[in-house]
Amino acid sequence: MALAGAPDEVRETVRLVMTVPELARFILLPQVPDAGFGSREPILTLFAEGGHGPRRVGPSSVAAERHLSAGRVGATRRAATLYSRPPGY
Amino acid sequence: MRPAPSPPGASGSAPHSGHVSVTASAIASREELAEGRAVIGVGTGGSAAQTMGLTLRQTARTATLKSMATSLRRLLRGEPIRFESDSEGRLAWLGRARRIPIHAVGSGPRLLAAAGRVGDGATMYASVDPDILRAGVACVAAGAGESRRELADFDLAIRAPASVGRNRMVARDYARGRVASALRHPSPVPFRPEDAPGVERLRREYDAFQHATTLASWCSTGWWT
């Protein structure tokens, strides 16, 4: 039901979703805890770097990992981000 | 391999939480800021409607989706619609007609077919499982066919909770609440027999006032992620 897990896991899920050729977009609902915990940015950064775009480990993904690891489960917020199908899928 | 710019818009506005004229005005404003790029998602509503005392069965009506799409198109063309009060109204400030694609959102077979009938695009809020997605695509295609259109004319999207982290379990924990909320809606295919009792229980116990939170009691088992 979700694009959730480690980057490799999510990348594999994305790959499987993209085997459905009619689909042109993902609308992501990044799930983050409330104030004081994580933010949406790390999820989107890791998704772009590890799950959807070319694999690259840089400062942003390290920060993202730290952000997520420091968090604990809390209430979620709602947000939508649209991504187009990248070339090559 | 960078994603294309995100179209500005709402992924799923519903009539219960915002009047269609307000939604039309808001998206027309966004289109004014980003001409030619705005899209508007329309759905039948879920948790917001439930907190207003409505059930999903009451809200998930194909007529609602059709009415939303029709009213939005008319308002965005600068035409009047008839309100519940029986008076007519239009977007007086609009100036000129706006061509803003309408994405209809659905989960189950009926609403996905309706999305194919009434939308310029369709958004499936169903799963990330390719087999289930293919079943959903078939529903949209059937609806599109009823309105003499091809699926190739559609901008077809999936809507999915997303949580990515190096700590797999934390990332999955973050998504449980949203997945639970998605499971309240019908699926394009029947749930597996071993999952059905859990889904039924979830639907009985889901509290819309704790919408999509991972602290809610029904998240404690978390078998669905």
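Residue numbers (the working numbering), protein chains in the order written: chain A, 15 to 103; chain B, 14 to 238. Heads up, the beta-carbon is just placed ideally off N, CA and C, and yes, glycines get one too. All of these numbers come straight from a predicted model, not from anything done at the bench.
Which residues of chain B have a Cβ atom closer than 7 angstroms to the Cβ of residue i, listed in chain order?
i, result
"E23(A)", "R181"
Under a Cβ-count criterion, where at least 16 other Cβ atoms within 10 Å of its own Cβ denotes burial, should residue i be classed as buried or exposed?
i, result
"P203(B)", "exposed"
"D22(A)", "exposed"
"P35(A)", "exposed"
"F40(A)", "buried"
"L37(A)", "buried"
"R43(B)", "buried"
"L69(B)", "buried"
"M65(B)", "exposed"
"F61(A)", "buried"
"A51(B)", "buried"
In chain order, what residues of the same chain have a beta carbon less than 7 angstroms from the beta carbon of residue i, not counting five sequence neighbours either side?
i, result
"A16(A)", "none"
"A73(B)", "T57, L124"
"V177(B)", "A184"
"G102(B)", "S34, P93, I94, F96"
"G19(A)", "none"
Kindly list, in the order they appear in chain A, the residues whose Cβ is closer than 9 angstroms to that of residue i.
i, result
"P174(B)", "M15, A16, L17, A18, L42, L43, P44, Q45, T90"
"P28(B)", "Those do not exist, as P28(B) stays about 18 angstroms from chain A at its closest Cβ, beyond 9 angstroms."
Please confirm whether residue i and residue j have their CB atoms less than 8 angstroms apart.
i, j, result
"G54(B)", "S34(B)", "no"
"I115(B)", "G132(B)", "yes"
"S120(B)", "H198(B)", "yes"
"L89(B)", "R111(B)", "yes"
"L104(B)", "A41(B)", "yes"
"A135(B)", "L85(B)", "no"
Cβ closer than 9 angstroms: which chain B residues qualify as neighbours of residue i?
i, result
"E36(A)", "L146, R147, V150, V153, A154, L164, A165, F167, L169"
Excluding five sequence neighbours on each side, which residues of the same chain lie with their C-beta closer than 8 angstroms to the C-beta of residue i?
i, result
"C82(B)", "It should be pointed out that residue 82(B) corresponds to Ala in this sequence rather than to Cys. Closer than 8 angstroms at the Cβ level, and outside the excluded window around A82(B), lie V55, I115, A117, V131, G132."
"A11(B)", "Chain B is shown from 14 up to 238; residue 11(B) falls before or after that span and cannot be answered."
"H32(B)", "none"
"S160(B)", "G129, R130, V131"
Residues of chain A with CB closer than 8 angstroms to the CB of residue i, please, in chain order.
i, result
"S140(B)", "M15"
"L196(B)", "M15"
"A62(B)", "Correct list: empty, because the minimum Cβ distance to chain A is about 15 angstroms."
Name the chain A residues whose beta carbon is nearer than 7 angstroms to that of residue i?
i, result
"T136(B)", "I41"
Among the residues of its own chain, which have a CB less than 6 angstroms from the CB of residue i, if the five just before and after it don't count?
i, result
"S30(B)", "A61"
"W106(B)", "none"
"G50(A)", "Confidence is the limiting factor: at G50(A) the pLDDT is only 46, short of 50, which leaves the residue's position unreliable and the question unanswerable from this model."
"T36(B)", "S26"
Return yes when the C-beta of residue i is under 7 angstroms from any heavy atom of the ligand COA, and no when it is not.
i, result
"G58(B)", "Among the ligands in the structure shown, none appear at all, so the ligand COA cannot be discussed."
What are the start and end residues of each continuous alpha helix (DSSP H) run of 4 or more residues lying completely inside the region 37 to 111 of chain B, in chain order? 60 to 64, 69 to 72, 75 to 89
Any chance you could list the beta strand (DSSP E) runs of at least 3 consecutive residues sitting entirely within the region 123 to 206 of chain B, in chain order? 134 to 137, 168 to 177
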